[in-house]
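Number of protein chains: 2
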Amino acid sequence: MNCMFFNGIILTMNSKNSVIQDGCIVVEDDIIIDVGKYSELKNKYHGYEKFDCKNKIITPPFINCHTHASMTLLRGYADDLPLFEWLTKWIFPVEKTLTPDDIYLGTKLAVIESALSGVSCLNTMYYFMDMEAEAISQAGLRGVVGHVCFSNNKKQDSSLTFNLVKKWHNSNNGLIRVSVDPHSVYTVDPAYLKELHQLRNELNDKYGSQNAPIRWHIHTAETSDELIKMRESFNSSESSEVKRLVCESYDGVFDYLNRLNVLDDQIVAAHCVHLTDKDINLIRDKSVNVVHNPVSNLKLASGVSPLPKLLNHNINVSLGTDGPCSNNSLDMFETIKITALLHKGVNLNPTLLPAVEVVKMATINAAKALGWDSEIGSIEKGKKADLLIIDLSRPHAVPLYNEFSQIVYALKSSDVDSLMINGRFIVENKVMKTVNVEETISKVVKWVADKFPDRSINS
Amino acid sequence: MNCMFFNGIILTMNSKNSVIQDGCIVVEDDIIIDVGKYSELKNKYHGYEKFDCKNKIITPPFINCHTHASMTLLRGYADDLPLFEWLTKWIFPVEKTLTPDDIYLGTKLAVIESALSGVSCLNTMYYFMDMEAEAISQAGLRGVVGHVCFSNNKKQDSSLTFNLVKKWHNSNNGLIRVSVDPHSVYTVDPAYLKELHQLRNELNDKYGSQNAPIRWHIHTAETSDELIKMRESFNSSESSEVKRLVCESYDGVFDYLNRLNVLDDQIVAAHCVHLTDKDINLIRDKSVNVVHNPVSNLKLASGVSPLPKLLNHNINVSLGTDGPCSNNSLDMFETIKITALLHKGVNLNPTLLPAVEVVKMATINAAKALGWDSEIGSIEKGKKADLLIIDLSRPHAVPLYNEFSQIVYALKSSDVDSLMINGRFIVENKVMKTVNVEETISKVVKWVADKFPDRSINS
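Just so you know, the sequences run in chain order X and F.
Residue numbers for the first sequence follow our numbering, so the first one is 28 and each next one is one higher.
Residue numbers for the second sequence follow our numbering, so the first one is 28 and each next one is one higher.
Printed below as a string of structure tokens:
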């Protein structure tokens with residue numbers, strides 16, 4: 028659509044983090060054609076539909092850089108349990124029974140929750156990813172979808188990934204992208220990791236491009252024992268090469284990945300909680316993109332990422348909620364606030380993670396991580412018309428001294444007024460425009476009632 | 028009013044944490060006269076106004092056990108700064124200029140924000156507390172107000188406290204109570220601490236009662252250097268007794284307080300981050316009430332309280348937001364979630380702080396801390412009609428497996444549907460009934476614009 032947003036406070040998230048009071052954004056079709064002060068632009072553009080953003084902040088929408096979207100179905104299914112029991116007794120058994128229709132339904136709920144809370148783009152790893160791509164597409168959100176690959180499902184996984192790329196990469200007006208997603212070092216053996224790295228390169232050559240690359244999305248260093256579990260899983264391999272690689276000694280998960288020659292700037296590495304100094308240097312030297320998931324890391328007791336150290340090394344860090352089963356929310360406002368709080372507290376330094384840095388992580392850093400920053404992540408002339416409009420009128424949102432502080436420490440997902448993606452309103456005046464919210468919720472409620480007739484299984 | 032809430036899921040927070048599906052609560056005037064299953068009670072009570080709570084949870088409202096309500100005016104005024112600079116360059120100078128009218132206005136905003144987010148009661152310490160009491164009273168909330176006492180304002184503080192108790196303790200239908208509030212060990216010298224302890228006892232004898240006691244509300248062990256600062260502040264005292272007390276060696280802040288003979292079960296001790304083992308034993312032995320303020324402790328980089336240890340010692344722990352200037356919110360849903368997350372993560376144990384325990388902290392434990400548990404903190408026959416009704420219909424609130432998990436990890440302050448205090452609707456269907464919200468917000472916006480003409484002082 029062709030329109031003009033005026034009177035708002037624009038947080039551009041450009042390289043200077045410029046804030047424009049009395050700001051104006053001019054959109055033609057799916058592109059931002061101008062950004063500036065309304066007083067300067069109002070006589071330059073005529074005949075555009077005008078949206079008054081008085082008492083509103085306009086930012087780039089948030090990008091949720093690590094999640095498993097359809098796990099909304101399992102929100103609150105099992106909490107406060109030891110990790111092994113949580114996984115083996117609760118999560119894995121129920122995951123095995125999920126159907127493609129379930130994945131579609133769960134993702135539909137995830138995109139509704141995401142859009143209403145100001146998220147334009149999900150980097151999501153799961154299975155039956157055709158269905159996740161479908162649900163994200165239909166809602167008009169952006170998504171990077173990846174089929175999660177395990178050694179024990181090798182043959183199928185590679186062809187599923189190949190088909191996913193062929194069908195979906197850079198599809199739906201460029202809103203959907205695909206990544207190659209090895210689950211982790213302890214579930215994917217070294218030979219298969221190399222194979223998936225090679226597969227990604229081949230797919231990138233054929234289907235990717237400079238501005239729409241195919242990333243490698245992987246869980247890394249989430250818990251402290253990943254190399255031990257890796258050895259336990261693969262040291263009885265029939266391949267002597269695998270055995271050799273598995274049994275060598277490594278100074279951290281990234282040292283291991285580096286020795287496999289799979290580390291590069293196309294990697295989106297979720298978690299990065301337990302890192303050696305060597306790991307951190309490798310992440311920096313290879314320009315690996317890190318996704319911080321503080322809520323999940325705390326809830327599952329994985330630990331606290333050495334985030335200030337990563338930032339000191341100029342590593343690109345973005346934010347994710349992780350799956351709604353280990354959070355139990357897809358709320359990026361919450362993740363933003365907890366990121367800003369946590370590292371101050373555990374490092375006893377109140378100047379760490381200042382508000383503007385955390386907003387960068389949720390916007391432009393995330394776009395860079397996904398190789399999408401030529402189009403999204405900031406409000407700049409020539410970029411795609413992705414805009415998040417946040418209402419400043421609620422009691423908890425006043426007074427306003429500093430916009431970045433307000434977003435990080437005071438504003439909430441319920442303050443999201445409107446969300447535009449690719450020039451189209453997905454949420455307008457707090458109403459989801461592209462998906463039937465009530466119908467989706469009814470279906471989820473029915474799904475749980477049918478699947479778990481004795482509902483309160485965890486009480 | 029005489030009414031009946033039916034069809035809801037009741038989290039009673041009684042001694043068994045009973046959950047009643049298909050629950051019913053019967054209210055007469057300001058009292059809960061019955062609680063049970065609707066199927067059992069519906070034929071017992073007739074002619075009551077009925078409120079259908081289908082797809083809603085009913086809990087005791089949250090009690091914010093440590094805050095400085097009127098500091099809403101300074102929400103986001105100064106963030107991400109070193110503590111000393113924050114206090115001396117930003118907070119103290121502006122606090123000195125606040126007038127009684129400002130305190131009234133800030134508290135009005137605080138009670139609106141609190142009520143809309145499900146908080147019925149504030150334990151608040153500041154100055155011009157007549158004005159805080161007035162604003163809380165007018166809105167129909169409960170409050171424990173205390174005038175913050177410092178050595179350098181000795182004479183005035185004691186008489187202000189005395190007058191506050193006389194005028195407000197157990198006033199406004201018992202909704203307002205008063206506490207005696209020494210600021211901290213490093214701002215109140217040992218002689219004055221003893222004096223304030225004595226004052227509390229005398230006031231309690233004259234104006235307090237078993238069910239409406241006058242508490243001692245104090246900041247304790249918020250930072251690690253409180254005893255050092257205490258010595259710096261008071262070692263040049265003219266009194267040889269004060270000098271002797273100041274210069275002795277202590278094994279923690281509570282060891283110090285104990286040696287002053289001021290520790291007892293009437294103390295509400297905010298923070299308790301930096302505790303020695305001796306401190307923890309003393310807190311348990313003297314039945315001191317602890318208020319955990321995780322958001323403020325993280326944001327100001329005070330550190331992480333040894334909460335699991337306190338709970339292992341069966342110490343009564345409640346929750347607070349602290350002042351909205353060091354948070355920057357009065358949102359107890361947020362504090363609840365962060366409490367549940369933080370201690371799992373830093374202690375690498377996902378079973379710590381299970382959901383139900385954290386809901387207890389925000390309700391019945393807090394009522395106990397304030398000596399108010401004979402009237403509030405749980406939904407039980409004979410207690411005051413304080414009810415929080417939470418909507419379960421939003422996308423982020425489905426599916427529902429376990430009610431306690433949902434409150435702690437998924438629900439948000441924006442899900443608050445209605446809040447009843449003392450049998451009166453303060454919030455009904457998301458609308459504040461007792462204070463003019465728009466007018467208050469306008470006044471706050473104008474206040475900031477007048478006081479800080481160059482608004483974006485921190486950007």
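Cβ atoms here follow ideal geometry from the backbone N, Cα and C, with glycine treated the same way.
Residue of the options minimising C-alpha distance to residue i
i	options	result
F/Glu-268	F/Lys-221, F/Gln-237, F/Gly-50	F/Lys-221
X/Ile-417	X/Ala-142, X/Cys-352, X/Ala-239	X/Ala-142
X/Ser-97	X/Val-121, X/Asn-288, X/Ile-434	X/Val-121
X/Val-46	X/Ser-432, X/Phe-452, X/Met-156, X/Val-315	X/Ser-432
X/Ile-403	X/Asn-238, X/Ser-164, X/Lys-83	X/Asn-238
F/Val-62	F/Val-207, F/Ile-52, F/Asn-70	F/Ile-52
X/Asn-285	X/Val-318, X/Ser-263, X/Glu-361, X/Ser-314	X/Ser-314
F/Phe-89	F/Phe-78, F/Cys-148, F/Ile-365	F/Cys-148
F/Met-156	F/Met-359, F/Ile-130, F/Tyr-277	F/Ile-130
F/Cys-352	F/Gly-235, F/Asp-306, F/Leu-114, F/Phe-189	F/Leu-114
F/Lys-387	F/Thr-362, F/Leu-375, F/Gly-372	F/Thr-362
X/Phe-281	X/Ser-401, X/Asp-312, X/Ser-260	X/Asp-312
F/Gly-50	F/Asn-82, F/Ser-42, F/Lys-43	F/Asn-82
Within chain X, the residues that residue i reaches when beta carbons sit closer than 9 Å
i	result
F/Thr-378	Asp-107, Leu-108, Pro-109, Ala-328
F/Asn-41	Correct list: empty, because the minimum Cβ distance to chain X is about 15 Å.
Residues that residue i contacts on chain X, provided the C-beta gap is smaller than 8 Å
i	result
F/Asp-358	His-423, Lys-439
F/Ile-365	Ile-365, Leu-368
Coarse secondary structure for residue i, derived from DSSP in three states
i	result
F/Tyr-436	helix
F/Tyr-153	strand
F/Phe-89	strand
X/Cys-274	helix
F/Asn-262	coil
X/Ile-130	helix
X/Ala-218	helix
X/Ser-206	strand
X/Asn-485	Note that X/Asn-485 has pLDDT 41, beneath the 50 cutoff, so the model's placement of it is unreliable and the number below is only indicative. DSSP places X/Asn-485 in coil when its eight states are reduced to three.
F/Thr-467	helix
X/Ala-328	coil
X/Phe-452	strand
X/His-301	coil
F/Ala-137	helix
F/Thr-39	coil
F/Glu-249	coil
F/Ala-105	coil
Proximity below 8 Å, CB of residue i to CB of residue j
i	j	result
F/Leu-136	F/Thr-99	yes
X/His-298	X/Ser-329	yes
F/Ser-440	F/Asn-392	no
F/Thr-496	F/Gly-74	This structure leaves residue 496 of chain F out entirely; chain F is present only between 28 and 486.
X/Val-175	X/Leu-357	no
F/Ala-248	F/Val-300	yes
F/Asn-197	F/Val-295	no
F/Ile-58	F/Lys-411	yes
F/His-224	F/Trp-195	no
F/Val-425	X/Val-435	no
F/Thr-86	F/Leu-415	yes
Neighbour list for residue i in chain C, Cβ cutoff strictly below 8 Å
i	result
X/Ser-432	Checking the listed chains, one finds no chain C in this structure; the protein chains it contains are X and F.
Where residue i meets chain F, residues with beta-carbon distance less than 8 Å
i	result
X/Ala-382	Asp-106, Asp-107
X/Tyr-65	Neighbours of X/Tyr-65 on chain F: none; closest Cβ ~17 Å, over 8 Å.
Residue i: contacting residues in chain F (beta-carbon distance under 7 Å)
i	result
X/Pro-426	Leu-100, Arg-102, Val-471, Val-472, Val-475
X/Lys-371	Leu-325, Lys-326, Ala-328
X/Leu-368	Val-322, Leu-325, Lys-326
X/Leu-375	Ala-328, Gly-330
Beta-carbon neighbours of residue i, restricted to chain X and to distances below 7 Å
i	result
F/Tyr-234	Within 7 Å Cβ-Cβ: nothing; F/Tyr-234 doesn't reach chain X, min ~33 Å.
F/Asn-17	The requested residue 17 of chain F is not part of the displayed model; chain F covers only 28 to 486.
### Query
If you measure beta-carbon to beta-carbon, which residues of the segment 443–476 of chain F are closer than 8 Å to chain X?
Val-464, Thr-467, Ile-468, Val-471, Val-472, Trp-474, Val-475
### Members of the segment 93–107 of chain F near chain X, C-beta cut-off 9 Å
Thr-99, Leu-100, Leu-101, Arg-102, Gly-103, Tyr-104, Ala-105, Asp-106, Asp-107
### Query
Quick one, which residues of the segment 335–350 of chain X are near chain F if we go by CB-CB under 8 Å, in chain order?
none
### Query
What residues from the segment 131–152 of chain X come within 8 Å of chain F, judged by C-beta to C-beta, listed N to C?
Leu-136, Ile-139, Glu-140, Leu-143, Ser-144
### Task
Would you list, in chain order, the members of the segment 180–214 of chain X that have their beta-carbon closer than 7 Å to a beta-carbon of chain F?
none
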